[in-house]
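A.B. asks: Please find one structure pasted underneath; my questions will follow.
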Amino acid sequence: MSSQPWALASQRVVTESGVREAAVVVREGKVAAVLPLSEVPAGVPVEHVGQKVVMPGVVDCHAHINEPGRTEWEGFETATRAAASGGITTVVDMPLNSIPATTTLAALQLKAAAAEGHCAIDYGFWGGVIPGNGGELEAMAGAGVTGFKCFLIHSGVDEFPHTTREDLERALPVLARCGVPLIVHAELTPDEKPPQGDTRTYRSYLESRPRQWEDDAIRMMVELCRKHRTRVHIVHLSSSDALPDIAAARREGLPFSVETCPHYLTFDAEHIPDGATFLKCAPPIREAENREKLWQGLARGDIDMVVSDHSPCTPALKHLDKGDFSAAWGGIASLQFSLPAVWTGMRERGHGLEALVRWMCRHPARLIGLEGTKGGLTPGADADLLVFDPDATFTPEAAQVRHRHKLTPYAGRALHGVVERTYLRGEPVYTEGAFAARPGGRWVRRPGKA
1053 MSSQPWALAS
1063 QRVVTESGVR
1073 EAAVVVREGK
1083 VAAVLPLSEV
1093 PAGVPVEHVG
1103 QKVVMPGVVD
1113 CHAHINEPGR
1123 TEWEGFETAT
1133 RAAASGGITT
1143 VVDMPLNSIP
1153 ATTTLAALQL
1163 KAAAAEGHCA
1173 IDYGFWGGVI
1183 PGNGGELEAM
1193 AGAGVTGFKC
1203 FLIHSGVDEF
1213 PHTTREDLER
1223 ALPVLARCGV
1233 PLIVHAELTP
1243 DEKPPQGDTR
1253 TYRSYLESRP
1263 RQWEDDAIRM
1273 MVELCRKHRT
1283 RVHIVHLSSS
1293 DALPDIAAAR
1303 REGLPFSVET
1313 CPHYLTFDAE
1323 HIPDGATFLK
1333 CAPPIREAEN
1343 REKLWQGLAR
1353 GDIDMVVSDH
1363 SPCTPALKHL
1373 DKGDFSAAWG
1383 GIASLQFSLP
1393 AVWTGMRERG
1403 HGLEALVRWM
1413 CRHPARLIGL
1423 EGTKGGLTPG
1433 ADADLLVFDP
1443 DATFTPEAAQ
1453 VRHRHKLTPY
1463 AGRALHGVVE
1473 RTYLRGEPVY
1483 TEGAFAARPG
1493 GRWVRRPGKA
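Heads up: the sequence shown begins at 1053 in our numbering, then just goes up one per residue.
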């Protein structure tokens, strides 16, 4: 890392006080200052990128990288290169679908060893809460996991069983004591049933996972948050019907937050063809009116952030030949395209660059305990920077996809916003299709409880 300061300037720098012409001065991998051009110290070299946007790197706190154990689905090298090319500079890996699942300290150490030296960007890890692993939680928190995830319904893999309310009553006080959040796959049902009728139809899958499952789960988590005062975060919200309960929890002052994902903000059930199993995910993509209400929830602040929920698999597991939604793996590969997909929807609805940074950079960094270090251009933060052209358009093709597998629903879809350069702690890691020779990503751990 060079000790010589330098500056990246633009007519559109997304600062904490708005979008303005400025220079971001970088020294020893940190943001030293954000200054008017006239105030850059003499002798500091300045590169001015004109109208291109300079903004913080995206923080994606929801991705399934699957290594070790299911590396044929994805892996740290391919996932983080894809992320870097899509403007993501920090990614947090979910505790499933790797084998072993990250539910013990030993499994966390295996995961960290698999990642070390192979990541183009910085990375963190979620631990998991499952029945019977309460004795592992404090050790994993002490090792620096970002927090802990649970499922309230079958996770899709047997090595990560779902929790009951009683399991959470035991785990939440431990997490509160450790100062880490619980993130929740919020679907709850007493009687899970597979899709009925013609399982090639998307309607059959959508009806098999109704909004009520999410709504009931979120109400239960609000109750548990109120009781234990543990930070609770709802992952991948798809049901807009839950927004009133979420807003009420906020008004009450509960430590309760919510994310949604690019696919819920981009696609709609009415336009998913029968047999299009590459668009199967859980919870499901819902109707267009539901999508628009999610956008409204973001604008109001009921939803805090947008993260990818990158959940790839081998193409064979999508059963594209049969188009059977009941048999296909549920998950969407999206790390590389989440930023342009979200920006495309934002442009259409009149949202600007400050909201983009709030939803995809600053708020995810806050959730993982790294606000002030990641997700912003404040002095002292890591100099994770993007040169982003918000006005350029492109249409992803299979040859451009850097995930391990090329199957993504964004292929062939015109998107706005091109990431031209990505810097990690002031060093270029991606430049117009080329990557740094040596991966420089580090494990970023949640700071200990103050």
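Quick reminder that beta carbons are idealized off the backbone N, C-alpha and C, glycines included.
#1: How do the segment 1462-1472 and the segment 1079-1090 stand: do at least 3 beta-carbon pairs fall below 8 Å, yes or no?
#2: Can you grab the Cα-Cα spacing for the pair HIS1214 / LEU1148, in whole Å?
#3: Once the 5 residues before and after SER1378 are set aside, which same chain residues still bring their CB inside 7 Å of it?
#4: By how many angstroms is the C-alpha of ASP1219 removed from the C-alpha of PHE1446?
#5: With distance defined between alpha-carbon atoms, name the residue in SER1290, PHE1203 and ALA1328 nearest to GLN1348.
#6: Count the other C-beta atoms from every protein chain shown that fall within 10 angstroms of the C-beta of PRO1364, then say buried if there are 16 or more, exposed otherwise.
#7: Whole beta strand (DSSP E) runs in the segment 1104-1181 with 3 or more residues, listed along the chain?
#8: Tell me whether ALA1085, by its Cβ, gets closer than 7 Å to a heavy atom of the ligand GDP.
#9: Look at the alpha carbon of GLY1196 and the alpha carbon of GLU1322, and state the distance between them as a whole number of angstroms.
#10: Less than 6 Å between C-beta atoms, sequence neighbours within five positions excluded: which residues of the same chain meet that for VAL1284?
#11: Please report the straight-line C-alpha distance between ALA1393 and VAL1071, rounded to a whole angstrom.
#12: Decide if the segment 1342-1358 is in contact with the segment 1369-1383; the criterion is three or more beta carbon pairs, one per stretch, under 8 Å apart.
#13: Is GLY1404 near ALA1435, with beta carbons less than 8 Å apart?
#14: Grouping DSSP H, G and I as helix and E and B as strand, with all else coil, what is PRO1457?
#15: Can you tell me which of the three DSSP states PRO1499 falls into?
#16: What separation, rounded to the nearest whole angstrom, lies between the Cα atoms of SER1256 and LYS1332?
#17: Give the DSSP-derived three-state secondary structure of HIS1403 in the structure shown.
#18: For ARG1338, which three-state DSSP category applies?
#19: Measuring straight from C-alpha to C-alpha, what distance separates HIS1206 and HIS1237?
#20: Report yes if the C-beta distance between HIS1415 and PRO1442 is below 8 Å; otherwise report no.
#21: Determine, using beta carbons only, whether VAL1409 and THR1142 come nearer to each other than 8 Å.
#22: Helix, strand or coil: how does DSSP classify GLY1469 here?
#23: So, is ARG1122 buried or exposed, given that buried needs 16 or more other C-beta atoms within 10 angstroms?
#24: Measuring only the C-alpha atoms, how far is TRP1058 from ALA1166?
#25: Kindly indicate which residue of GLN1056, TYR1175 and TRP1125 has the alpha-carbon position closest to the one of PRO1491.
#26: Quick check on the DSSP output: the alpha helix (DSSP H) that includes ASP1441 runs from which residue to which?
#27: Please state whether DSSP places SER1390 in a helix, a strand or coil.
#28: Any chance the segment 1151-1161 sits against the segment 1185-1200, with 3 or more Cβ pairs inside 8 Å?
#29: Which of helix, strand or coil does DSSP assign to LYS1426?
#30: Given a cut-off of 8 Å on the beta-carbon distance, is the pair ILE1420 and THR1282 in contact?
#31: Starting from GLY1194 and walking both ways along the alpha helix (DSSP H), at which residues does that stretch end?
#32: How about PHE1487 and GLY1139: are their beta carbons less than 8 Å apart?
#33: If you follow the alpha helix (DSSP H) that ARG1410 is in, where does it begin and where does it stop?
#34: To the nearest angstrom, how far is it from the Cα of SER1103 to the Cα of PRO1335?
#35: What separation, rounded to the nearest whole angstrom, lies between the Cα atoms of GLU1119 and THR1130?
#36: Using the beta-carbon count (16 or more within 10 Å), is LYS1279 buried or exposed?
C.D. replies: With the given structure in hand:
#1: The segment 1462-1472 makes no contact with the segment 1079-1090; the number of CB pairs closer than 8 Å stays below 3.
#2: HIS1214 and LEU1148 have their C-alpha atoms roughly 12 Å apart.
#3: The answer, listed in chain order, is PRO1246, PRO1247 and THR1251.
#4: Between PHE1446 and ASP1219, the C-alpha separation is close to 47 Å.
#5: Closest by alpha carbon: SER1290.
#6: Note on PRO1364: 16 or more other CB atoms within 10 angstroms of its CB, so buried under the neighbour-count rule.
#7: The qualifying runs are 1105-1108, 1110-1115, 1140-1145 and 1174-1177.
#8: Of ligands this structure carries none, so the ligand GDP is not represented either.
#9: Just so you know, the alpha carbons of GLY1196 and GLU1322 end up roughly 43 Å apart.
#10: So the list reads LEU1234, MET1273, CYS1277 and PHE1308, once near-sequence residues are dropped.
#11: For ALA1393 and VAL1071, the distance between alpha carbons rounds to 21 Å.
#12: No: the two stretches stay apart, fewer than three of their Cβ pairs being nearer than 8 Å.
#13: Not a contact, by the Cβ cut-off of 8 Å.
#14: A small correction: the amino acid at residue 1457 is His; Pro does not occupy that position in the sequence shown. In the three-state reduction of the DSSP assignment, HIS1457 falls in the coil class.
#15: PRO1499 carries a coil assignment under DSSP once its states are collapsed to helix, strand and coil.
#16: Counting only the Cα atoms, LYS1332 lies some 12 Å from SER1256.
#17: Residue state, collapsed to three classes: coil.
#18: Coil at ARG1338, not helix or strand.
#19: Taking the straight line from one Cα to the other gives about 10 Å.
#20: The Cβ atoms of HIS1415 and PRO1442 lie no closer than 8 Å to each other.
#21: No, the pair does not count as a contact, with Cβ atoms beyond the cut-off.
#22: DSSP places GLY1469 in strand when its eight states are reduced to three.
#23: Here ARG1122 is buried: its Cβ has 16 or more other Cβ atoms, across all protein chains shown, within 10 Å.
#24: Rounded to the nearest angstrom, the two C-alpha atoms are 34 Å apart.
#25: Cα-wise, what sits closest to PRO1491 is TYR1175.
#26: Not the alpha helix (DSSP H): ASP1441 falls in the beta strand (DSSP E), residues 1437-1446.
#27: Of the three classes helix, strand and coil, the one that applies to SER1390 here is helix, per DSSP.
#28: Yes, the segment 1151-1161 touches the segment 1185-1200.
#29: Residue state, collapsed to three classes: strand.
#30: Their beta carbons are not under 8 Å apart, which means ILE1420 does not touch THR1282 by this criterion.
#31: 1189-1195 is the span of the alpha helix (DSSP H), which, as asked, contains GLY1194.
#32: For PHE1487 and GLY1139, no; Cβs fall outside 8 Å.
#33: Annotation: ARG1410 is outside any alpha helix (DSSP H) and is labelled neither H nor E by DSSP.
#34: The sequence shown places Gln at residue 1103, rather than the Ser named in the question. Taking the straight line from one Cα to the other gives about 39 Å.
#35: Spanning the two alpha carbons is a distance of roughly 11 Å.
#36: So LYS1279 counts as exposed.
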